[in-house]
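Add 4 to the 1-based position in the sequence shown for this note's numbering, that's all there is to it. For every residue, glycine included, the Cβ atom is placed at its ideal position computed from N, Cα and C.
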Amino acid sequence: GLGKYMSTGKTASIVETDCSDCPKGKYSDERGVSGVVGTDGGAQANCKLCGIGTYADQKGGKVEATDCKSCSSGKYQPQNNQISSFACTPCPVGWSQLSQRRHNCIECPQGYYQHEISKDVCVHCQAGYIMPATRSIYCKDCYPGKYEDTSRIRCVDCVQGKYTHLRHQKYFLVCQSGT
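Below you can see the structure in the form of C-alpha cells.
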C-alpha cells in the first residue's frame with residue numbers, strides 16, 4: 005500500500021502485513037514498492053527520499069507534499085532523508101530565507117541588514133543610513149557634510165552652497181545668503 009514497501013527478500017506479498025512502513029525521512033506514493041529493510045534516515049533503497057528543505061518525523065509517509073514537512077521560513081536544510089525538525093538550520097545574521105524547502109539562505113543585499121538569526125527577510129536601511137556591503141547586521145549613518153542619496157548604499161557630499169550639520173541625513177540644507 006501507500007507509505008509502505010515490501011522487503012526484496014520476500015517472493016510475493018498477498019497481505020498488507022507483509023509490508024513495512026516507510027522509515028522516517030522517506031515516503032512512498034506508489035503501491036507495490038520493494039526494497040531493503042532499513043532504519044529511519046538510513047541509506048537503504050526502499051522508499052523515496054524526502055528532499056532538501058524537508059524532514060519526515062513519522063513512519064509510513066504517503067504524500068511528499070504533506071508527509072515530508074517543510075523547514076519553516078528563516079531556516080534551511082541542505083540534505084535529503086532527514087528525520088527531525090532539528091535538521092533545519094537557522095539562517096545566520098546577515099542572511100534570510102523567505103521560501104520553504106530550500107537548501108540555503110540568501111545573503112542580505114546592499115542597503116539591507118538582518119541582526120537576528122532565523123529571519124525570513126532582510127530589513128531595508130532607514131533613510132539617512134547606508135550599507136554598501138552584503139550580509140550586513142547593521143546600517144551605517146552618513147557623517148555631517150554628507151547625505152544618503154536614497155539608494156541606501158552610499159553617502160554623497162553636499163554640493164557647494166549646501167550643507168548638513170547632523171549625522172544620518174537624508175537631505176541637505178541650503179546655506180543662507182552671505183554665509
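For residue i, the residue or residues it bridges with in DSSP
{"i": "H107", "result": "DSSP, once it has assigned bridges, lists no residue as partnering H107."}
{"i": "V67", "result": "Per DSSP, none; premise fails for V67."}
{"i": "P94", "result": "K79"}
{"i": "K52", "result": "Y31"}
{"i": "H128", "result": "Y116"}
8 Å Cβ cutoff met for residue i and residue j
{"i": "K30", "j": "L6", "result": "no"}
{"i": "I87", "j": "K28", "result": "yes"}
{"i": "C112", "j": "S140", "result": "yes"}
{"i": "Y116", "j": "H128", "result": "yes"}
{"i": "C159", "j": "C146", "result": "yes"}
{"i": "M10", "j": "D25", "result": "no"}
Residue burial classification, residue i (beta-carbon count within 10 angstroms, cutoff 16)
{"i": "E152", "result": "buried"}
{"i": "A196", "result": "It is not possible to answer for residue 196, since the shown part of the chain is limited to 5 through 183."}
{"i": "A47", "result": "exposed"}
{"i": "S32", "result": "buried"}
{"i": "D71", "result": "buried"}
Reduced DSSP secondary structure (H/G/I, E/B, other) of residue i
{"i": "T21", "result": "helix"}
{"i": "S89", "result": "helix"}
{"i": "D44", "result": "coil"}
{"i": "S11", "result": "strand"}
Could you tell me whether the region 52–68 touches the region 122–137, using the rule of 3 or more Cβ pairs below 8 Å?
No contact exists between the region 52–68 and the region 122–137.
Do the region 38–52 and the region 98–108 meet, that is, are 3 or more Cβ pairs less than 8 Å apart?
Because the criterion of three Cβ pairs below 8 Å is not met, the region 38–52 and the region 98–108 do not touch.
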